[in-house]
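Trainee: Following the UniProt record's numbering, the numbering of the sequence shown begins with 18 at its first residue and continues without gaps.
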Amino acid sequence: SAPARPPGQADLALRRSACRVLIGNWTGHSTVPSHGLYPHQWSWDSAFIAIGLRHLSPLRAQRELETLLGAQWGDGRVPHIVFNRAVPLGAYFPSPDFWRSGAAGAAAGAPAALETSGIVQPPVHALAAWLVHRADPASSARRGFLARVYPRLVAWHGYLADRRDLGGGGLAAVVHPWEPGMDNSPCWDGPLARIEPAAAGSFRRADLVHGAAADRPTDLDYGRYVRLAAEYRDHGYRDAAAPHPFAVEDPGFNALFVASEHALARIAQALGGEPDVHRERAAALTDALVERLWSPEAGQFLSRDLRADGAGRPAGQLVPGRSAAGLLPLLAPGLPPAVVEALLETAQGPHFGLGTTVRLLPSYDLRGAAFDPHRYWRGPAWFNVNWLLERGLRLHGAGQRADALAEEILRAAENSRFAEYVDPYTGAGRGTRDFGWTAALALDLLA
Ligand code: 9WN
């Protein structure tokens with residue numbers, strides 16, 4: 018539930034501008050994160066966008082998720098990008114001619130009639146579907162929304178549980194830094210170091226046309242992203258066949274898996290089905306998170322690198338860097354109380370400084386050597402991460418802190434014109450503006 022706040026004039030104006038962004042970014046069947054930088058449909062963006070859109074148009078919010086799930090592959094994966102054919106090829110890199118989903122992904126069941134990427138993003142969709150349904154149960158029931166999306170969401174989670182448990186410990190692994198959605202987190206520097214980058218001249222970045230180079234990943238990062246994606250593609254996007262030189266268990270990705278599995282239980286119940294299977298998986302995932310990724314020394318969750326680093330470090334080690342992803346398991350209802358307590362302390366402690374040195378949770382350790390307040394996922398504060406933390410705080414009884422964070426999120430969204438991310442110290446906007454999930458999640462907090 019959202020914080021209780023009297024709707025002042027400022028909030029009404031903010032609500033109007035958030036709606037303006039969502040209307041402007043709507044393409045007729047889904048919403049772009051940004052017309053310039055990201056002119057297609059993105060997987061976890063669409064889930065966050067639907068969560069806000071439900072306050073403006075429950076029907077559009079339902080369609081947003083239906084469009085995304087309509088691009089699901091036969092093996093259950095939900096691709097991280099669904100391309101809009103009306104957008105010129107050069108507008109975004111990597112474009113459909115790089116992914117070649119229809120041909121290269123045929124064995125994995127890529128839809129022949131659509132163009133998509135072949136990797137995934139965090140599973141926020143079941144949570145979004147449940148929240149969208151709750152916004153207007155009557156229209157949801159009339160359109161059979163839950164009945165329509167439930168089997169697809171089950172298949173999606175099945176893909177993650179069956180094909181992506183690369184470590185064999187009950188968690189889903191990501192196989193590309195784009196998959197956890199926090200592309201250039203310093204936590205990936207180690208696992209990426211062993212990847213030979215694609216030759217500099219072999220691809221052309223489109224992002225630098227719209228974004229400042231200092232706010233974006235480096236060319237070296239891109240070379241590695243390209244190499245990894247091309248290799249996966251060249252193995253038919255088949256998880257059993259691909260070598261997956263980048264294979265990491267990320268606490269944020271798996272925390273969202275837990276939250277969405279709980280949402281699936283609610284959806285199953287609403288449909289008169291069987292919720293227990295989902296509750297059981299949520300509980301098993303929560304146990305695996307604690308067992309495999311909790312670091313009592315760090316007071317937070319860390320990522321686990323499933324591969325050896327080539328410099329003598331064996332496979333299966335925790336990555337020492339502190340990402341904000343390591344606090345997102347606060348979204349899990351069944352955490353041990355001592356873990357919850359430590360997470361709350363870490364969020365406010367010197368590494369993340371929430372409510373002390375900074376107003377919004379930074380994406381990376383303020384004291385980390387790699388911290389950079391401007392560069393993408395290496396320090397800036399992101400609105401989806403803060404919205405998720407707000408939810409986690411509320412879930413664990415820290416209502417006042419959640420209220421305070423909600424206020425900060427709203428003010429930062431307003432002052433930055435719905436920036437993609439902000440400098441965690443100054444709140445100054447970075448990246449693109451009129452960014453989809455920033456507007457959507459502000460609208461959700463205002464509702
Ligand atoms: C690659 C769309 C996406 C977000 C990601 C964010 C960024 C893409 C890019 O934009 O990634 O997927 O081109 O940089 O890191 O979280 O989903 O908004």
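Ideal Cβ positions, reconstructed from N, Cα and C, are used throughout, including at glycine.
Bear in mind that the values here come from a model prediction, so they are computed numbers and not experimental data.
For Phe452, which of helix, strand or coil comes out of DSSP?
Mentor: Taking the first residue of the sequence shown as position 1, residue 452 is located at position 435. The answer is coil: DSSP assigns Phe452 none of H, G, I, E or B.
Trainee: Roughly how many angstroms lie between the CA atoms of residue 17 and Pro331, to the nearest whole one?
Mentor: Past the edges of the chain, shown from 18 to 464, lies residue 17, and the structure says nothing about it.
Trainee: Which residues in the same chain have their Cβ closer than 7 Å to the Cβ of Cys204, if we skip the five residues on either side of it in sequence?
Mentor: Position 187 of the sequence shown holds residue 204. For Cys204, where only same-chain residues beyond five positions count, the Cβ hits under 7 Å are Ser320, Val336, Gly338 and Ser340.
Trainee: Using DSSP bridges, identify the partner residues of Ala398.
Mentor: Taking the sequence shown and counting its residues from 1, the one referred to as residue 398 is at position 381. Looking at the DSSP assignment, Ala398 forms a beta bridge with Pro379 and Val439.
Trainee: Just verifying my parser: in three-state terms, what is the DSSP assignment at Ile212?
Mentor: As a first step, residue 212 must be located in the sequence shown, where it is residue number 195. Note: Ile212 maps to coil in three-state DSSP.
Trainee: For Ala125, which residues of its own chain have a beta-carbon under 6 Å away from its beta-carbon, when the five flanking residues on both sides are left out?
Mentor: For the purposes of this step, residue 125 is taken as the residue at position 108 of the sequence shown. Hits under 6 Å: Trp90, Asp92, Tyr254 and Arg255.
Trainee: With DSSP collapsed to three states, give me the class of Arg221.
Mentor: Translated into the one-based positions of the sequence shown, residue 221 becomes position 204. In this structure, DSSP gives Arg221 a state outside helix and strand, which the three-state scheme calls coil.
Trainee: For the alpha helix (DSSP H) that contains Asp267, what are its first and last residues?
Mentor: The count along the sequence shown starts at 1 and reaches residue 267 at position 250. Here Asp267 belongs to no alpha helix (DSSP H), and DSSP marks it neither H nor E.
Trainee: Going by C-alpha to C-alpha distance, which of Gly329, Leu463, Asp461 and Ala456 sits closest to residue 467?
Mentor: No answer is possible for residue 467: it lies beyond the span of the chain, which begins at 18 and ends at 464.
Trainee: Residues in the same chain with beta-carbon distance under 6 Å from Arg180, minus the five sequence neighbours each way, listed in chain order, please.
Mentor: Taking the sequence shown and counting its residues from 1, one reaches residue 180 at position 163. Cβ neighbours of Arg180 beyond the five flanking positions: Asp256.
Trainee: Quick one: grab the DSSP three-state call for Leu131.
Mentor: Numbered from 1 along the sequence shown, position 114 holds the residue referred to as residue 131. Coil at Leu131, not helix or strand.
Trainee: Closer than 7 Å to a non-hydrogen atom of ligand 1 - does that hold for the CB of Trp43?
Mentor: Reading the sequence shown from its first residue, position 26 is the one you call residue 43. Incorrect: Trp43 has no Cβ contact closer than 7 Å to ligand 1.
Trainee: Bridge partners of Trp59, per DSSP?
Mentor: As a working note, residue 59 is residue 42 in the sequence shown. Bridge partners of Trp59: Ile98.
Trainee: For Gly198, is the beta carbon positioned less than 7 Å from some heavy atom of ligand 1?
Mentor: Residue numbering aside, residue 198 sits at position 181 when the sequence shown is read from its first letter. Yes, the Cβ of Gly198 comes within 7 Å of a heavy atom of ligand 1.
Trainee: What does DSSP give as the partner residues of Thr48 in its beta bridges?
Mentor: Locating residue 48 in the sequence shown gives position 31, where the first residue counts as 1. In DSSP, Thr48 forms a bridge with Trp43.
Trainee: Pick out whichever of Arg450, Arg428, Asp451 and Trp454 has its Cα sitting closest to the Cα of Thr443.
Mentor: Counting from one through the sequence shown, the residue named residue 443 turns up at place 426. For Thr443, the nearest C-alpha among the options comes from Arg428.
Trainee: State the DSSP-derived secondary structure class of Gln417, mapped to helix, strand or coil.
Mentor: Locating residue 417 in the sequence shown gives position 400, where the first residue counts as 1. Helix at Gln417.
Trainee: Mark Val226 as exposed unless 16 or more other C-beta atoms lie within 10 angstroms of its C-beta, in which case mark it buried.
Mentor: In the sequence shown, the residue the question calls residue 226 occupies position 209. When all chains shown are included, Val226 counts as exposed.
Trainee: Between Arg395 and Ser202, is the Cβ-Cβ spacing less than 8 Å?
Mentor: Taking the sequence shown and counting its residues from 1, the one referred to as residue 395 is at position 378. Taking the sequence shown and counting its residues from 1, the one referred to as residue 202 is at position 185. Their beta carbons are under 8 Å apart, which means Arg395 touches Ser202 by this criterion.
Trainee: Rank Arg447, Glu437 and Ala430 by C-alpha distance to the C-alpha of Ala27 and give the top, closest one.
Mentor: Position 10 of the sequence shown holds residue 27. Taking only the C-alpha atoms, the option nearest Ala27 is Ala430.
Trainee: Can you list, in chain order, the residues of its chain whose CB lies under 6 Å from that of Leu460, leaving out five sequence neighbours each side?
Mentor: Here residue 460 corresponds to residue number 443 of the sequence shown, with the count starting at 1. Contacts found: Ala35, Gly69 and His72.
Trainee: At what residues does the alpha helix (DSSP H) containing Leu86 begin and finish?
Mentor: In the sequence shown, counting from the first residue as 1, residue 86 sits at position 69. Leu86 -> alpha helix (DSSP H) spans Pro75 to Leu86.
Trainee: Apart from the five residues on each side of it in sequence, which residues of its chain come closer than 8 Å, Cβ to Cβ, to Ala19?
Mentor: Numbered from its first residue, the sequence shown carries residue 19 at position 2. Only weak support is given to the placement of Ala19: the predicted model assigns it a pLDDT of 49, under 50, and the question is left unresolved by the model.
Trainee: What do you get for Ser219, buried or exposed, if any count of 16 or more other CB atoms within 10 angstroms of its CB means buried?
Mentor: Position 202 of the sequence shown, counting from 1, holds the residue named residue 219. With fewer than 16 Cβ atoms within 10 Å of its Cβ, Ser219 is classed as exposed.
Trainee: Does the Cβ-Cβ distance between Leu306 and Phe318 come in under 8 Å?
Mentor: By one-based count along the sequence shown, residue 306 stands at place 289. By one-based count along the sequence shown, residue 318 stands at place 301. Closer than 8 Å, so yes.
Trainee: Relative to the C-alpha of Pro139, which candidate in Gln334, Ala276 and Arg169 has its C-alpha closest?
Mentor: Taking the first residue of the sequence shown as position 1, residue 139 is located at position 122. Of the candidates Gln334, Ala276 and Arg169, the one whose C-alpha sits nearest the C-alpha of Pro139 is Ala276.
Trainee: Quick one: residues in its chain with C-beta nearer than 7 Å to the C-beta of Glu81, no 5 flanking neighbours on either side, listed in chain order?
Mentor: As a first step, residue 81 must be located in the sequence shown, where it is residue number 64. Within the same chain, Glu81 has close Cβ partners Ser47, Thr48, Ser63, Ile66, Ala67 and Leu70.
Trainee: Check whether the stretch 92-106 and the stretch 50-60 touch, using three or more Cβ-Cβ pairs below 8 Å as the test.
Mentor: The stretch 92-106 is in contact with the stretch 50-60.
Trainee: Determine the contact status of Gly119 and Ala127, defining contact as a CB-CB distance below 8 Å.
Mentor: Residue 119 sits at position 102 when you count from the first residue of the sequence shown. Residue 127 sits at position 110 when you count from the first residue of the sequence shown. Yes, the pair counts as a contact, with Cβ atoms nearer than the cut-off.
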